[in-house]
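**Student:** So the sequence shown is numbered by the numbering used here: it starts at 419 and just counts up by one.
Backbone N, C-alpha and C fix where the C-beta goes; we use that ideal spot for every residue, glycine too.
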Amino acid sequence: MSKKEQSKTTEKAENNPQTNAATATPADLAGKTGNELDNIRDILFGNQARATETRLAELATRVEAMRHELLNTINEQNSSTTERLTTKINDTKKDLVNRLKRQDEQQTTSLTQQVNKLSDENEQTRQDFQDSIDKLTADFQKQLLDTKKELQDGLNRLNTDLSERLLTMQAESQQRDNDLRQELLTMVAWLDNKKTTRLDLGQMLIEVGQQLQSNGEATTADTESE
419 MSKKEQSKTT
429 EKAENNPQTN
439 AATATPADLA
449 GKTGNELDNI
459 RDILFGNQAR
469 ATETRLAELA
479 TRVEAMRHEL
489 LNTINEQNSS
499 TTERLTTKIN
509 DTKKDLVNRL
519 KRQDEQQTTS
529 LTQQVNKLSD
539 ENEQTRQDFQ
549 DSIDKLTADF
559 QKQLLDTKKE
569 LQDGLNRLNT
579 DLSERLLTMQ
589 AESQQRDNDL
599 RQELLTMVAW
609 LDNKKTTRLD
619 LGQMLIEVGQ
629 QLQSNGEATT
639 ADTESE
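1. Could you tell me the distance, in whole angstroms, from the CA atom of Asn491 to the CA atom of Ser497?
2. Excluding five sequence neighbours on each side, which residues of the same chain lie with their C-beta closer than 7 Å to the C-beta of Ser528?
3. Output the distance between the C-alpha atoms of Thr543 and Asn534, rounded to the nearest integer angstrom.
4. Output the distance between the C-alpha atoms of Lys511 and Gln495, rounded to the nearest integer angstrom.
5. Roughly how many angstroms lie between the CA atoms of Gln531 and Lys519, to the nearest whole one?
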């Protein structure tokens with residue numbers, strides 16, 4: 419028998435209650451009873467069950483839609499939060515970099531000002547020291563010139579005094595010589611008149627020589643004392 423013929427025989431047997439009852443086993447009877455209960459239940463509660471299934475399907479659809487919407491919202495919030503955090507981090511980073519840059523600039527400016535201040539103070543100290551040296555040099559040169567002038571003036575006065583004394587001494591010596599010469603002339607004339615002996619003449623010449631010697635020694639002593 420072909421499969422098609424077997425299928426037709428089976429369908430006939432299923433559609434014939436008598437045949438089914440005669441040939442049915444207890445398991446077949448139990449299955450048939452269950453099917454009948456399902457049919458009865460379907461008749462009694464079919465519409466309500468289908469409505470409930472429809473509602474459950476709609477609820478499941480809505481829940482799935484809400485889940486997708488919630489996931490999208492969460493993803494959007496996460497994305498927005500990530501962007502805000504990234505922006506905040508970048509802003510904080512920029513702010514820190516700017517602060518560090520300003521602090522570095524301030525420190526550099528402060529160090530530059532301190533270096534300039536020290537340089538100015540050093541320059542001022544050097545200038546003050548140079549001014550002091552120049553003043554001391556000028557004072558020393560002035561004192562040296564004043565001392566030189568005083569010494570020169572002293573030498574000039576000494577030369578003048580010596581010249582005046584020398585002239586005075588020369589005049590005095592010349593006067594003594596003239597006086598002595600006059601005395602000699604007078605003595606010679608007197609001797610000619612008196613016819614003095616040679617002994618007396620020699621004695622007189624000795625006295626005149628001694629007087630001349632005494633005058634010379636007195637003149638030398640005056641010169642040395644002056």
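**Tutor:** Taking the coordinates as given:
1. Numbered from 1 along the sequence shown, position 73 holds the residue referred to as residue 491. Numbered from 1 along the sequence shown, position 79 holds the residue referred to as residue 497. Strictly speaking, residue 491 in this sequence is Thr, with Asn absent from that position. Here the alpha carbons of Ser497 and Thr491 stand approximately 10 Å from one another.
2. Within the sequence shown, residue 528 is the residue found at index 110, counting from 1. Excluding residues within five positions, none has a Cβ falling inside 7 Å.
3. Within the sequence shown, the letter at position 125 stands for residue 543. Within the sequence shown, the letter at position 116 stands for residue 534. Each residue's CA atom was taken as its position, placing Thr543 and Asn534 some 14 Å apart.
4. Sequence index remark: in the sequence shown, residue 511 carries index 93 (1-based). Sequence index remark: in the sequence shown, residue 495 carries index 77 (1-based). Approximately 23 Å between the Cα atoms of the pair.
5. Stepping through the sequence shown from its first residue, residue 531 is reached at position 113. Stepping through the sequence shown from its first residue, residue 519 is reached at position 101. Distance between the alpha carbons of Gln531 and Lys519: 18 Å.
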